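Residue numbers (UniProt numbering): 1 to 244.
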């Protein structure tokens, strides 16, 4: 998921959320990826606001620090995603569930902070790849969110880059997400299906299903991506059709 407009997963420059998983509220792209409030975000997500005081100047992004999330950040992260995604709190509940699950290599959780305030957040959690040779532990980047009034300042981009560097350090071979393909393509991701990967749900729009191949990836590591249980339990994978 992602929540921030590009400079935005149905879930950061930034919206990957549970499969449905934007950074204006990084645009939860028009391909509503559940947990990415970054590129092309829906109107509801972009109008949420919870900051106090005037917006920072044009160079405020240079002073933003990216660091691991702490327990003291939890409330700020909760409010951030509620505003960025403009949903019923599902993305915030997903974050809480993933913290508790601690599946696989995750979660790896990072916040963007300015003067003590949480402006952005990204989460990497452990998932699986059902490859022909064996099950492979991989990561999902979701959600990614940036407060609406701080989007377009490069915060989402910095969060994604930081997350990918952290994923590389864990030895994970792949990072998957659902999000705006135009936004993520320039930030280390590529379409997953042409690269040999199968989506975990038919409800995930093809272009939104993306992957970043890290140095530990090997050619045989293809197959079906499988989200961890919290994504399914909270219905954060792909898009629902209310008219069906």
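Positions of the beta carbon are idealized from the N, C-alpha and C atoms, including for glycine. Remember, it's a predicted structure, so these values are computed and weren't measured experimentally.
For residue j and residue i, the rounded distance between their alpha carbons
i, j, result
"residue 269", "residue 71", "Past the boundaries of the shown model lies residue 269; the chain is included only from 1 to 244, so the question cannot be answered."
"residue 217", "residue 129", "12 Å"
"residue 194", "residue 211", "10 Å"
"residue 67", "residue 123", "12 Å"
"residue 40", "residue 86", "Since pLDDT at residue 40 reaches only 32, below the 50 mark, its modelled position is unreliable, and the value read off the structure follows with that caveat. If I take the Cα positions, the gap works out to 14 Å."
"residue 201", "residue 63", "40 Å"
"residue 26", "residue 133", "Only weak support exists for where residue 26 lies, its pLDDT of 37 falling under 50; the value from the coordinates is given anyway. Roughly 36 Å between the two C-alpha positions."
"residue 322", "residue 155", "Outside the shown range of the chain, which is 1 to 244, sits residue 322, and nothing can be said about it."
"residue 92", "residue 79", "8 Å"
"residue 215", "residue 136", "15 Å"
"residue 74", "residue 82", "12 Å"
"residue 153", "residue 244", "39 Å"
"residue 168", "residue 219", "17 Å"
"residue 213", "residue 235", "26 Å"
"residue 69", "residue 149", "21 Å"
"residue 101", "residue 196", "28 Å"
"residue 116", "residue 183", "28 Å"
"residue 88", "residue 144", "17 Å"
"residue 151", "residue 90", "21 Å"
Residues bridged to residue i [DSSP beta-bridge criterion]
i, result
"residue 212", "175"
"residue 146", "120"
"residue 140", "125, 176"
"residue 109", "123"
"residue 83", "Partner(s): none; residue 83 has no beta bridge."
"residue 190", "211"
"residue 224", "130, 198"
"residue 67", "111"
"residue 135", "130"
8 Å contact criterion, which residue i and residue j should meet: CB distance rounded
i, j, result
"residue 84", "residue 146", "6 Å"
"residue 131", "residue 221", "5 Å"
"residue 118", "residue 65", "In fact, because the Cβ distance is near 11 Å, the residues do not count as touching under 8 Å."
Beta-carbon gap between residue i and residue j smaller than 8 Å
i, j, result
"residue 172", "residue 110", "no"
"residue 125", "residue 177", "no"
"residue 121", "residue 175", "no"
"residue 203", "residue 226", "no"
"residue 205", "residue 239", "yes"
"residue 127", "residue 139", "yes"
"residue 198", "residue 170", "no"
Test: residue i CB closer than 8 Å to a CB of chain B
i, result
"residue 87", "Structure shown: chain B not included; a single protein chain is present."
Next on the checklist: Three or more C-beta pairs under 8 Å: does that hold for the region 226–238 against the region 87–101?
Outcome noted: yes
Next on the checklist: Three Cβ pairs or more, each shorter than 8 Å: is that satisfied between the region 155–162 and the region 184–199?
Outcome noted: yes
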